[in-house]
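Counting with full-length UniProt numbering, you get residues 1 to 184 for the letters of the sequence shown.
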Amino acid sequence: MGLPALEKKTEFWKRYDRQADIHDNKMIEDLSENLDVLLIFAALFSAINTAFISLTMPGLSSDPLTETNALLRLLVMKVDNNTLITADLSPPFNPSSNSVIVNCLLYGSLSCSLLVAVGAMMAKEWLQSFDRTGQTGPLEEQGRFRQRKFNGVRQWHLEPIIRSLPNVLLSSVILFFAGVCLFL
């Protein structure tokens, strides 16, 4: 009498394993392809963004040549008169508000794109650990282990987080174009 119950249990776990494999492979393939595209775009976009940041950075600091000329002028006046005249000193440098805003937008954009790249790399790692290829042991243990991992994926909202990464990248692009428009 115990044999038919054991056969039913074995049949259940075989069906579960087949259905779980179909579901998991589709989910992993779909999310992994999206992450590949995000990683490539985020990397290229970060490089472009960094190039623009290098163009706008000089607006945040004073020109060293101007400071050097002012100090030389001060030294010459000191040697000639042996007195210090503070009226000829240039005022301290203050970057323009436009330059500060442009750099804030570009750095915000770079931060968002790097956040997407890091998130995509972590998600790829999570997906690789979720893959059951090469798993050994009885089907029941494999099924229970898979279900625990799947419950963890759902509890930690992995799929919605991965699906939100393109929106973060889009906000990065918007910040970048806002910064470029103000720069030009």
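Backbone N, C-alpha and C fix where the C-beta goes; we use that ideal spot for every residue, glycine too.
Let me confirm a value: residue i is counted as buried when at least 16 other C-beta atoms fall within 10 Å, else exposed. Which label applies?
i	result
Ser172	buried
Asn69	exposed
Ser109	buried
Gly152	exposed
Phe12	exposed
Arg146	buried
residue 186	No answer is possible for residue 186: the residues shown for the chain start at 1 and end at 184.
Phe176	buried
Ile120	Inspection of the sequence shows that residue 120 is occupied by Ala rather than by Ile. Buried, because 16 or more other Cβ atoms sit within 10 Å of the Cβ of Ala120.
Asn49	buried
Under the assumption that residue i contacts residue j (Cβ atoms under 8 Å), give the Cβ distance between them as a whole number of angstroms.
i	j	result
Ala47	Leu105	Contact doesn't hold; Cβ gap of about 17 Å is too wide.
Ala117	Leu158	The pair is not a contact, with the Cβ atoms about 17 Å apart (cut-off 8 Å).
His66	Ser99	Here residue 66 is Thr; the residue named in the question, His, does not match the sequence. No, Thr66 and Ser99 are not in contact; Cβ-Cβ is about 16 Å, not under 8 Å.
Val168	Leu115	6 Å
Ile101	Leu182	6 Å
Asp30	Leu139	In fact, because the Cβ distance is near 25 Å, the residues do not count as touching under 8 Å.
Asn103	Leu60	6 Å
Handout entry: Inter-stretch contact at 8 Å, needing at least 3 Cβ pairs: the segment 130-140 / the segment 15-33
Key = yes
Handout entry: Cβ contact check for the segment 39-57 and the segment 147-162: 3 or more pairs under 8 Å
Key = Judged by Cβ distances under 8 Å, the segment 39-57 makes no contact with the segment 147-162, as fewer than three pairs qualify.
Handout entry: Segments assigned alpha helix (DSSP H), at least 4 residues, entirely inside the segment 47-109
Key = Within the segment 47-109, the complete alpha helix (DSSP H) runs of at least 4 residues are 64-81.
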